[in-house]
Amino acid sequence: MSIHEEKKDILGQSYIYMNYQVDKKGFYGNFGGAYIPEMLVPNVEELRNRYLSIIQEESFQTEMDQLLRDYVGRPTPLYLAKRLSEKYNTTIYLKREDLCHTGAHKVNNTIGQILLARRLGKTRIIAETGAGQHGVATATVCALMGMECIVYMGAVDMERQKPNVERMKMLGATVRPANSGSKTLKDATNEAIRDWINNPVDTHYIIGSVVGPHPYPDLVARFQSIISEEMREQLIDKTGSPNPNYVIACVGGGSNAAGAFYHYLNEKSVNLIAVEAAGQGVYSGHSAATTFLGKPGVIHGSKTLLMQTEDGQITEPYSISAGLDYPGIGPMHANLFETGRAKFYSVTDGEAFNAAMLLSRMEGIIPALESAHAIAVLENIPVKKDDVVVINLSGRGDKDLMTYITRKDEFTK
1048 MSIHEEKKDI LGQSYIYMNY QVDKKGFYGN FGGAYIPEML VPNVEELRNR
1098 YLSIIQEESF QTEMDQLLRD YVGRPTPLYL AKRLSEKYNT TIYLKREDLC
1148 HTGAHKVNNT IGQILLARRL GKTRIIAETG AGQHGVATAT VCALMGMECI
1198 VYMGAVDMER QKPNVERMKM LGATVRPANS GSKTLKDATN EAIRDWINNP
1248 VDTHYIIGSV VGPHPYPDLV ARFQSIISEE MREQLIDKTG SPNPNYVIAC
1298 VGGGSNAAGA FYHYLNEKSV NLIAVEAAGQ GVYSGHSAAT TFLGKPGVIH
1348 GSKTLLMQTE DGQITEPYSI SAGLDYPGIG PMHANLFETG RAKFYSVTDG
1398 EAFNAAMLLS RMEGIIPALE SAHAIAVLEN IPVKKDDVVV INLSGRGDKD
1448 LMTYITRKDE FTK
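Using this note's numbering, the letters of the sequence shown correspond one by one to residues 1048 to 1460.
Structure follows, in structure tokens:
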């Protein structure tokens, strides 16, 4: 099915049906595709031609379901945050992806991709990471499957996420610093792509977000869609309806948001709220608010919205949260923004920091700084008393403890 398909209603009148899934060419509306070096074409084409048939095999689904249940700990709870609900005079549920093995949603995707890589005959795994959660999740599944693992991480991120660096090493991964550019996620991704170009035969690149050349955005979204699949079932049990009024998630590249939104994309009654990192302020020059600052461009193999200068040079992003420190968003999210299907907000470092403190003290849950951006947006959206709001709590805050300690006086009200 194409993104925009003409259909007829019950009276036989034509209308345009908006499908927010990827089309056969790898595009979400105006965004997506595969803009890749010639050396990578065989790898990407092999993946594109085989990924759907492999992940739909009964043996694949049986093995993945078993690992998600017994190893990852799914389903994750949908928790009614009573005190937070009272504060905002509405009903707020937290989808507890922070309770997944490894501490974030990232493992949903790495489990799926490691099983796929094995069926493709790959023996070596590479990955990029920002906050370190995807790196840890990749190192974890490589240890589980006995496969070589190399993780690229920006040198700046390695300093501010030291616990995750040590976790990756303990799991047997080699962590290689990216020392170019801003030394963050964008640069780690560049290094991983260079590695893949040099090792195209035996290596599978486990991309951690809904970015990169087709089919990666779709592949990662499918693996993360377990989040909204569970949400729907859990909401029926708790509220009698599978559909909340709002689903809220933070967005860097956007994998946790893609998973939280996936089964609600064509449910127009559900408001999709994506929260980007405003850093020190959207227009401060130290921000990662792509939909406010970006324009169409190509990064890491796909056309999307991208922060860039007038002559097309990528603008260095900034956020207190390493996982949101990316100059673009996934093409699925770019389409959701352009079509208006999702509403995008931005949250500053200080607002996210204080939201993290609020959740910690009101619910006894210390969130990742990325997830705290989603909590902070409650100050800005027009929720009503009878609304049901689901916030995807994408990760836990252990990895950010030093930031919470060292910057407490700077932000705490």
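All residues carry an ideal CB built from backbone N, CA and C; glycine is no exception.
Excluding five sequence positions before and after Ala1304, the CB atoms of its chain that fall closer than 6 Å to its own CB belong to Ala1296, Val1298, Ala1321, given in chain order.
Close CB contacts of Asn1382 within its chain, under the 6 Å cut and outside five residues either way in sequence, are with Tyr1075, Gly1076, Phe1078 (chain order).
Taking the C-beta atoms as reference points, Ile1102 is found nearer than 9 Å to Leu1266.
For Leu1191, the enclosing alpha helix (DSSP H) has its first and last residue at 1180-1192. Secondary structure note for Glu1175: its beta strand (DSSP E) is the uninterrupted segment 1171-1176. With 16 or more neighbouring CB atoms inside 10 Å of its own CB, Tyr1365 falls in the buried class.
Rounded to the nearest angstrom, the gap between the Cα atoms of Ala1403 and Val1248 is 44 Å. The shortest CA-to-CA distance from Gly1182 to any of Lys1455, Tyr1451, Lys1446 is the one to Lys1446.
Here Ile1173 really is in contact with Ala1239; their C-beta atoms are around 5 Å apart, less than 8 Å.
Taken through DSSP and simplified to helix, strand or coil, Lys1350 comes out as strand. Secondary structure in the region 1271-1320: the beta strand (DSSP E) runs of 3 residues or longer, each lying completely within the stretch, are 1293-1297 in chain order. When C-alpha distances from Val1188 are compared across Lys1285, Ile1253, Gly1341, the shortest belongs to Ile1253. Setting aside the 5 residues that flank it on each side, Glu1314 is surrounded in the same chain by Asn1290, each with a C-beta closer than 6 Å to its C-beta; the list follows chain order. In this structure, Thr1356 lies away from Pro1343, with their beta-carbon atoms at least 9 Å apart. In this structure, DSSP gives Pro1247 a state outside helix and strand, which the three-state scheme calls coil. Residue pairing by DSSP puts Ser1393 in a beta bridge opposite Glu1323. A residue is called buried once 16 or more other Cβ atoms fall within 10 Å of its Cβ, and Tyr1199 is buried on that count. Val1435: member of the beta strand (DSSP E) spanning 1435-1440, first to last residue. In this structure, Asp1396 is the residue among Phe1339, Leu1146, Asp1396 with its C-alpha nearest to the C-alpha of Gly1370.
At least 9 Å separates the beta-carbon of Thr1157 from that of Arg1143.
Within the same chain, Gly1201, Ala1225, Ser1227, Gly1228 come within 6 Å of Asp1234 by CB-CB distance, once the 5 residues on both sides are set aside.
Sequence-distant partners of Ile1438 (beyond 5 residues in either direction) whose C-beta falls short of 6 Å from its own C-beta, in its chain, are Leu1141, Ile1295, Ala1421.
When rounded, the separation of the alpha-carbon atoms in Ile1413 and Arg1095 is 39 Å. Between Ile1428 and Ala1399, the C-beta spacing is not below 9 Å. A check of alpha carbon separations from His1148 across Ser1441, Gln1327, Pro1260, Gly1332 identifies Ser1441 as the nearest. Boundaries of the beta strand (DSSP E) harbouring Val1222: 1221-1225, taken from the DSSP string.
Of the residues Ser1288, Ala1336, Arg1269, Glu1323, the one whose Cα lies closest to the Cα of Ala1307 is Arg1269. The alpha carbon of Arg1279 has as its nearest neighbour, out of Arg1097, Val1436, Gln1068, the alpha carbon of Val1436.
According to the DSSP secondary-structure assignment, Pro1414 is paired through a beta bridge with Arg1443.
The beta-carbon distance between Pro1262 and Ser1349, rounded to whole angstroms, is 11 Å. This is too long to meet the 8 Å contact definition. Per DSSP, Ile1158 is one residue of the alpha helix (DSSP H) stretching across 1153-1166.
Within its own chain, the residues whose Cβ lies closer than 8 Å to the Cβ of Ile1083, once the five positions on either side in sequence are excluded, are Val1091, Pro1260, Gly1348, listed in chain order.
Thr1138 sits in a strand when the DSSP states are folded into three classes. When Leu1115, Leu1099, Phe1339 are compared, the shortest CA-CA separation from Lys1390 is found for Phe1339. The residues Arg1130, Leu1131, in chain order, have a CB closer than 6 Å to that of Met1409 in the same chain once the five nearest residues on each side in sequence are set aside.
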